[in-house]
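Chemist: The numbering of the sequence shown is the UniProt record's numbering, which starts it at 1 and goes up by one. All C-beta atoms in this analysis are idealised placements derived from N, C-alpha and C, irrespective of residue type, glycine included.
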Amino acid sequence: MANFLPSTVVHEEAEANESKSGLGQFQSSRESQTAISGRQTPAGKDPLRRLKRGYAVPALCSLGEIPNASAPPGRRSYFPKVEAARAEEIQSAAKISKVPDVVLSPRSEILRNTEANKIQPFESYALERGLLKGKKLGEGAFAEVFSVPKIADLEPRVVKVVPFGGDIEWNGSKLHDYPEILSEVLITSRLSNLRERGAETEAGWESVTDGFIKLVGMFLVEGPFPKKLLKLWDQYDKKRKNGSENDRPDYFPDNQLYICYEFEYGGQDMESFVFPNAASAVSAVKQVIASLAVAEERLQFEHRDLHLGNILIQPCQEDENFNFGTEVLPCPGIRTRIIDYSLSRMYTDGRFVFNDVSEDEDLFTGEGDPQFDVYREMRKCNNDNWRSYHPETNVMWIQFLLGKVLKGVGYKKRSGAEHRAVFEHVKEMQKVAGSCSSASDLLKRLAHLRSF
Numbered sequence: 001m002a003n004f005l006p007s008t009v010v011h012e013e014a015e016a017n018e019s020k021s022g023l024g025q026f027q028s029s030r031e032s033q034t035a036i037s038g039r040q041t042p043a044g045k046d047p048l049r050r051l052k053r054g055y056a057v058p059a060l061c062s063l064g065e066i067p068n069a070s071a072p073p074g075r076r077s078y079f080p081k082v083e084a085a086r087a088e089e090i091q092s093a094a095k096i097s098k099v100p101d102v103v104l105s106p107r108s109e110i111l112r113n114t115e116a117n118k119i120q121p122f123e124s125y126a127l128e129r130g131l132l133k134g135k136k137l138g139e140g141a142f143a144e145v146f147s148v149p150k151i152a153d154l155e156p157r158v159v160k161v162v163p164f165g166g167d168i169e170w171n172g173s174k175l176h177d178y179p180e181i182l183s184e185v186l187i188t189s190r191l192s193n194l195r196e197r198g199a200e201t202e203a204g205w206e207s208v209t210d211g212f213i214k215l216v217g218m219f220l221v222e223g224p225f226p227k228k229l230l231k232l233w234d235q236y237d238k239k240r241k242n243g244s245e246n247d248r249p250d251y252f253p254d255n256q257l258y259i260c261y262e263f264e265y266g267g268q269d270m271e272s273f274v275f276p277n278a279a280s281a282v283s284a285v286k287q288v289i290a291s292l293a294v295a296e297e298r299l300q301f302e303h304r305d306l307h308l309g310n311i312l313i314q315p316c317q318e319d320e321n322f323n324f325g326t327e328v329l330p331c332p333g334i335r336t337r338i339i340d341y342s343l344s345r346m347y348t349d350g351r352f353v354f355n356d357v358s359e360d361e362d363l364f365t366g367e368g369d370p371q372f373d374v375y376r377e378m379r380k381c382n383n384d385n386w387r388s389y390h391p392e393t394n395v396m397w398i399q400f401l402l403g404k405v406l407k408g409v410g411y412k413k414r415s416g417a418e419h420r421a422v423f424e425h426v427k428e429m430q431k432v433a434g435s436c437s438s439a440s441d442l443l444k445r446l447a448h449l450r451s452f
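1) Under three-state DSSP, which class holds residue 491?
2) By DSSP's criteria, E222 is part of a beta bridge. Which residues make up the other side?
3) Work out the CA separation of D210 and E196 for me, nearest whole Å.
4) Please name the residue or residues paired with K150 in a DSSP beta bridge.
5) Using CA coordinates, which residue listed in V357, D349, R304, Q268 is at the minimum distance from Q314?
6) Any idea if K404 is buried or exposed, counting beta-carbon neighbours within 10 angstroms, 16 or more meaning buried?
7) Please report how far the alpha carbon of L229 lies from the alpha carbon of L131, in whole angstroms.
8) Please name the residue or residues paired with Q314 in a DSSP beta bridge.
9) On the DSSP bridge assignment, give the partners of F164 in chain order.
10) With a threshold of 16 other CB atoms inside 10 Å of the CB of D349, please say whether the residue is buried or exposed.
11) So, are the CB atoms of E296 and P391 less than 8 Å apart?
12) Here's a check: name, in chain order, each residue in its chain whose Cβ is nearer than 7 Å to the Cβ of F423, leaving out the five neighbours to either side.
13) So is residue 455 buried or exposed if we call it buried at 16+ other beta carbons inside 10 Å?
14) According to DSSP, which residues form a beta bridge with T348?
15) Assuming K136 is part of the beta strand (DSSP E), what are its boundary residues?
16) Please look up how many angstroms separate the CB atoms of L449 and E428, rounded, as I've assumed it's under 8 Å.
17) Under 8 Å, do R337 and G266 count as touching if we go by C-beta distance?
18) At a cut of 8 Å, does the stretch 136-150 reach the stretch 164-182 through at least three beta carbon pairs?
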């Protein structure tokens, strides 16, 4: 696959006496998300076992259109940032919201989002799209993940296969049904589409970013798990020290349904990637900040689980530049992709998409890494109301990432004056982030740092 430059563009509204400024998988597909050393969990449990490999599906709540949702002065998003009081007002309105004149069933809406707009035989799909020539790359409690090499005019891809529907249990849980799958379809496709040119509003063009993993295609298929894919599953099972954590998917019936997401290859996760120097690690975090800022403005987005395993890193040309609207910054040879939206929250098409983890106590009791502290901080921030919009949580994860840049990621070179200077810059970024309420806010403030 040819390397290409991630471009995040934040279109600013023109203001008098102020120059225009702009800045710029799926669940991790590696064979297993490496446990963070020193992790301690209650009663021997790993509270992130499901999250690390679970592809948990967000919940979906329907709403009518928000009345008078025009962009206020000074803001460029059609859906303005929702303050706490406004969020409560919207939630209350859900009880009396109007039902749209035409409502598609979850099944129909999923089909509308697929490539073929129809259900295909699993065996035929796997053959046509090259899955049978790939290998199993990873797994989740609700998914199998395969890597597919370049075939004919198809670039290398990562394919996430999610069985759903029916009364069958798999990996100890009942499979999701159409409504839950629709939620995942919406959030995955909306974030991927942020790389496309947004609509023109009175305040200017909407912001764009390709910082979220690109969804190449989506297919709805039916049938038993293909025998050749089961062989790939067995190969993966034998290579792992303790075998696969999933049940062998050899007992699905002839009418079993699957949603197959095809993603671009995003590279290595940040946890295992070895950065050439500290400057490249800082660049990765800055790209994440810019991408989150765009998603906030366009989708009222919170990632809510942005640990190192959910950021993919891939090398690109050293001499390429990032185009952040009116400003061009040098690229230190890496580009990022954000993945895994199992805990994410967004607002799109009159609906809130989120995962209510209010009763998932395991998530909030982990010890041994700052990652666990962030979950507790988020809960305190939103008062355990996971539908409401609190972009401060994005800043919490950015602070987490900055801390990992200082101590927690790998470098080929860890010494020297330049390395120390970059670390001082990171500490400046941490101070600025400490007073910010969103990634958008942080992005604007960092633009004024001389070293940014």
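Modeler: So, from the data block:
1) The chain is shown only over 1 to 452; residue 491 falls outside these bounds and no answer can be derived.
2) Walking along the sequence shown from the start, residue 222 turns up at place 222. DSSP, once it has assigned bridges, lists P121, L257 as partnering E222.
3) Here residue 196 is taken as the residue at index 196 of the sequence shown, counted from 1. Here residue 210 is taken as the residue at index 210 of the sequence shown, counted from 1. Take the alpha-carbon of E196 and the one of D210: they are about 8 Å apart.
4) The sequence position of residue 150 within the sequence shown is 150, counting from 1. BP columns for K150 are empty, so no partner.
5) Indexing the sequence shown from 1 puts residue 314 at position 314. Each of V357, D349, R304, Q268 was checked against the Cα of Q314, and the nearest Cα belongs to Q268.
6) By one-based count along the sequence shown, residue 404 stands at place 404. Under this definition K404 is a buried residue.
7) One-based indexing of the sequence shown puts residue 229 at position 229. One-based indexing of the sequence shown puts residue 131 at position 131. Pairing L229 with L131, the inter-Cα distance amounts to about 8 Å.
8) Taking the first residue of the sequence shown as position 1, residue 314 is located at position 314. Looking at the DSSP assignment, Q314 forms a beta bridge with R335.
9) Looking up residue 164 in the sequence shown gives position 164. DSSP output for F164 lists L257 as bridge partner(s).
10) Position 349 of the sequence shown, counted from the start, is the residue given in the question as residue 349. Exposed is the label assigned to D349, since fewer than 16 other Cβ atoms lie within 10 Å of its Cβ.
11) Counting from 1 along the sequence shown, the entry for residue 296 is found at position 296. Counting from 1 along the sequence shown, the entry for residue 391 is found at position 391. Cβ distance < 8 Å, so E296 and P391 count as in contact.
12) Reading the sequence shown from its first residue, position 423 is the one you call residue 423. Annotation for F423: A278, L406 place their beta carbon closer than 7 Å to its own, counting only its chain and skipping 5 residues before and after.
13) As shown, the chain starts at 1 and ends at 452. That puts residue 455 outside it, with no answer to give.
14) Mapped onto the sequence shown, residue 348 falls at position 348. Bridge partners of T348: R351.
15) Residue mapping note: residue 136 aligns to position 136 of the sequence shown, counting from 1. Its beta strand (DSSP E) spans residues 135-140.
16) To locate residue 449, count along the sequence shown from 1; it is residue 449. To locate residue 428, count along the sequence shown from 1; it is residue 428. For L449 against E428, the beta-carbon gap comes to about 6 Å, under 8 Å, which counts as contact.
17) Here residue 337 refers to the residue found at position 337 of the sequence shown. Here residue 266 refers to the residue found at position 266 of the sequence shown. Going by C-beta atoms, R337 is nearer than 8 Å to G266.
18) A contact exists between the stretch 136-150 and the stretch 164-182.
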